[in-house]
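Only one structure is covered here, and it is reproduced in the block below.
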Amino acid sequence: MQDAEELAEMRALQARAYGRDGDLSHAEAARLRALQARAVERREDRVIGIAEPVAPEPAAAPERATAMTAQTAQDPVDEAPAAASAPAPRRVHVRWIALAAVAVLLCGVGLGWLLFGQIRSEAITLTSEQREWQNALLAEAEYDPSSVRALAVEEGVVVWAATKDGGRRTCLILGDGESTVPNCQLTEAVAGSGMVGSIIVDADGGSQREVTAQVLFAASGEPAVAVSSYDYSSGATGIIYANENETRIAEKLADEGFDPHSIWVAGYDGDVPIWTAMQVDSPGTCLIYDGSMSPSPMVCADPQTIVEQGAGLVLNVVDPQTGAATTYEFSPTGPSYLVITRERGELGAGGD
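For the sequence shown, this note's numbering gives the first residue as 630, with consecutive numbering after it.
This is the structure in structure tokens:
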């Protein structure tokens, strides 16, 4: 744990960086990154694994992601002062598989580790169809032999855990037979914070359903998983944007292939929104400047690469009139704030 002086210093620097008009010197920004990295290192002091795998049934026969792009002229967009609203989710269902996981959220990770020893392992019963999905997963030979384990079933979606690369990576996998979404991270990196994965599937009545799973691990490697599901009517994302202009941009980004549930404003450069979103057809997280232009300046990277390299997304935008460059840096896996660096040496930060 950081000492009181370092913690106070980090919080003070974060408070200055988070504001829309925040102002940090280069030295202060470097100090903030060092303090945050030290905090992460002190949490990553355990190595975990997946215990009690399911025996498979016989199967049937860059340091940083960067981009340099010229900012193109954009047509003016009328902004409406009224805040846009989105329909609320029709149904929300949350279910904890292990009581200890609730204790982690309520009492903190430290107390949670003490309570994990009380977890009672229960075999997950899969239907014959779901066992076929699991056999197909095993047949891919993507994961370590005998490491795939079913943790939960939620609204027809199976949640699995597995390891790969000889246990070097731990994976949380969600699938419904038609699509499978894995999230794999370095095993030692998820010892303290666990993992989160989600999948979007079709639901009844033309709506969509997002199923999310969060898994935490005991020191022995025994997992505790929490699952939740959210139903949305057609066109609803559950996200409320600041104004109608941002709502129109979000709809445009969704039409261009971004997951509508992942589109949100990471910060602002003046009145220009800087967006983050996930691609639907490829496992990419993107940082997008403005979003109203076609194409808009953006940079994308695979989430696993971001986690392994410990780097964020870095987008460089060049003003076509002055030639001055502005750099936008955002970390999807760390403290979520946008750092803006201008060519003339000014450093600022944009917050929601």
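Note that CB positions come from ideal geometry on N, CA and C, so glycine has one too.
A quick note: this is a predicted structure, and the numbers were derived from the prediction, not measured.
Worksheet item: Name the DSSP bridge partner or partners of ASN812?
Response: Translated into the one-based positions of the sequence shown, residue 812 becomes position 183. The partner list for ASN812 (beta bridge, DSSP) reads LEU801.
Worksheet item: Under the rule that 16 or more other beta-carbon atoms within 10 Å means buried, what is GLY913, buried or exposed?
Response: The sequence position of residue 913 within the sequence shown is 284, counting from 1. Buried, because 16 or more other Cβ atoms sit within 10 Å of the Cβ of GLY913.
Item to complete: Could you tell me the distance, in whole angstroms, from the CA atom of VAL810 to the CA atom of SER911?
Response: Counting from 1 along the sequence shown, the entry for residue 810 is found at position 181. Counting from 1 along the sequence shown, the entry for residue 911 is found at position 282. The straight-line gap from Cα to Cα measures roughly 11 Å.
Discussion item. At the 8 Å Cβ level, is TRP893 part of the contact set with chain D, yes or no?
Written reply: The chain inventory of the structure shown lacks chain D, comprising one protein chain alone.
Item to complete: Would you kindly work out how many angstroms separate the C-alpha atoms of THR956 and ARG971, rounded to a whole number?
Response: As a position in the sequence shown, residue 956 is number 327, starting the count at 1. As a position in the sequence shown, residue 971 is number 342, starting the count at 1. Roughly 6 Å separates the two Cα atoms.
Worksheet item: Based on Cα-Cα distance, which residue from LEU780, ARG778, VAL787 and CYS813 lies nearest to LYS793?
Response: What you label residue 793 is simply residue 164 of the sequence shown in a count that begins at 1. LYS793 has its Cα closest to that of CYS813, out of LEU780, ARG778, VAL787 and CYS813.
Worksheet item: Exposed or buried, GLY601, counting other C-beta atoms within 10 Å across all chains shown (16 or more means buried)?
Response: Residue 601 cannot be examined here, being either before or after the span of the chain that is shown, 630 to 981.
Item to complete: Have a look at MET922 and VAL901 and give me their C-alpha separation to the nearest angstrom.
Response: If you number the sequence shown from 1, residue 922 lands on position 293. If you number the sequence shown from 1, residue 901 lands on position 272. Approximately 12 Å between the Cα atoms of the pair.
Worksheet item: Could you give the residue range of the beta strand (DSSP E) that holds ILE829?
Response: Taking the sequence shown and counting its residues from 1, one reaches residue 829 at position 200. For ILE829, the enclosing beta strand (DSSP E) stretches over residues 824-831.
Discussion item. Quick check on the DSSP output: the beta strand (DSSP E) that includes THR756 runs from which residue to which?
Written reply: As a position in the sequence shown, residue 756 is number 127, starting the count at 1. That residue, THR756, is in no beta strand (DSSP E); it is neither H nor E in DSSP.
Worksheet item: Which residues share a DSSP beta bridge with LEU916?
Response: Sequence index remark: in the sequence shown, residue 916 carries index 287 (1-based). Note: LEU916 sits in a beta bridge opposite THR905 and VAL928.
Worksheet item: DSSP puts LEU882 in a beta bridge; with which residues?
Response: Reading the sequence shown from its first residue, position 253 is the one you call residue 882. Partner(s): none; LEU882 has no beta bridge.
Worksheet entry | LEU767 versus GLY795 - alpha carbon distance | Against the sequence shown, residue 767 aligns to sequence position 138. Against the sequence shown, residue 795 aligns to sequence position 166. If you take the alpha carbons of LEU767 and GLY795, they lie about 15 Å apart.
Worksheet entry | Environment of PRO774 [buried if 16+ CB atoms lie within 10 Å] | Taking the sequence shown and counting its residues from 1, one reaches residue 774 at position 145. Exposed: under 16 other Cβ atoms inside 10 Å.
Practice prompt. Keeping to the same chain, check which residues put their C-beta closer than 6 Å to that of ALA791; ignore five residues upstream and five downstream.
Written response: Taking the sequence shown and counting its residues from 1, the one referred to as residue 791 is at position 162. Taken in chain order, the residues that qualify are TYR772, SER776, VAL777 and CYS800.
Item to complete: Using the DSSP secondary-structure output, state which residues sit across from ARG971 in a beta bridge.
Response: Against the sequence shown, residue 971 aligns to sequence position 342. Beta-bridge pairing links ARG971 to THR955.
Worksheet item: So what does DSSP say about ASN874, is it helix, strand or coil?
Response: As a working mapping, residue 874 is identified with position 245 in the sequence shown. If DSSP states are grouped into helix, strand and coil, ASN874 belongs with the helices.
Worksheet item: Taking just the CA atoms, how far does MET824 sit from LEU815?
Response: Against the sequence shown, residue 815 aligns to sequence position 186. Against the sequence shown, residue 824 aligns to sequence position 195. Spanning the two alpha carbons is a distance of roughly 11 Å.
Item to complete: Could you check what DSSP says for GLY806 in three-state terms: helix, strand or coil?
Response: In the sequence shown, residue 806 corresponds to position 177, counting from 1. Looking at GLY806 - three-state DSSP - the assignment turns out to be coil, as it is neither helix nor strand.
Worksheet item: When we look at the beta-carbon of PRO889 and count the other beta-carbons within 10 Å, is it buried (16 or more) or exposed?
Response: As a position in the sequence shown, residue 889 is number 260, starting the count at 1. So PRO889 ends up on the buried side.
Item to complete: Could you tell me which of SER857, ASP831 and ARG797 sits nearest to ALA842, measuring between CA atoms?
Response: Taking the sequence shown and counting its residues from 1, the one referred to as residue 842 is at position 213. Minimum Cα distance to ALA842 is reached at SER857.
Item to complete: Find out if the Cβ-Cβ distance for the pair ASP860, ALA832 is shorter than 8 Å.
Response: Indexing the sequence shown from 1 puts residue 860 at position 231. Indexing the sequence shown from 1 puts residue 832 at position 203. It is a contact, given that the beta carbons lie within the stated cut-off.
Item to complete: Just mark GLY737 as buried or exposed, buried being the case when its beta carbon has 16 or more other beta carbons within 10 Å.
Response: As a working mapping, residue 737 is identified with position 108 in the sequence shown. Unreliable placement is indicated for GLY737, whose pLDDT of 38 sits below 50; no coordinate value is reported for it.
Practice prompt. Give the secondary structure of GLU635 by DSSP, where H, G and I count as helix, E and B as strand, and everything else as coil.
Written response: In the sequence shown, the residue the question calls residue 635 occupies position 6. In this structure, GLU635 counts as helix in the three-state DSSP scheme.
Worksheet item: According to the Cβ coordinates, are GLY886 and TRP904 closer than 8 Å?
Response: Counting from 1 along the sequence shown, the entry for residue 886 is found at position 257. Counting from 1 along the sequence shown, the entry for residue 904 is found at position 275. No, Cβ-Cβ distance for GLY886 and TRP904 is not below 8 Å.
Fill in: Reduced DSSP category for PRO889 - H, G, I as helix; E, B as strand; rest coil
Sequence index remark: in the sequence shown, residue 889 carries index 260 (1-based). Reduced to three states, the DSSP call for PRO889 is helix.
Item to complete: Keeping to the same chain, check which residues put their C-beta closer than 8 Å to that of LEU780; ignore five residues upstream and five downstream.
Response: If you number the sequence shown from 1, residue 780 lands on position 151. Counting only Cβ-Cβ distances below 8 Å, and skipping sequence neighbours, we find ILE726, ILE753, VAL788, TRP789, ALA790, ALA842, VAL844, PRO852 and VAL854.
Worksheet item: If you follow the beta strand (DSSP E) that ALA770 is part of, which residue opens it and which one closes it?
Response: The residue you call residue 770 lines up with position 141 of the sequence shown. It is not in any beta strand (DSSP E) - ALA770 carries neither H nor E in the DSSP assignment.
Item to complete: Return the CA-CA distance between GLU634 and LEU664, expressed in angstroms with no decimal places.
Response: Position 5 of the sequence shown holds residue 634. Position 35 of the sequence shown holds residue 664. GLU634 and LEU664: Cα-Cα distance of roughly 11 Å.
Worksheet item: In this structure, does DSSP put GLN763 in helix, strand or coil?
Response: The residue given as residue 763 occupies position 134 in the sequence shown. Helix.
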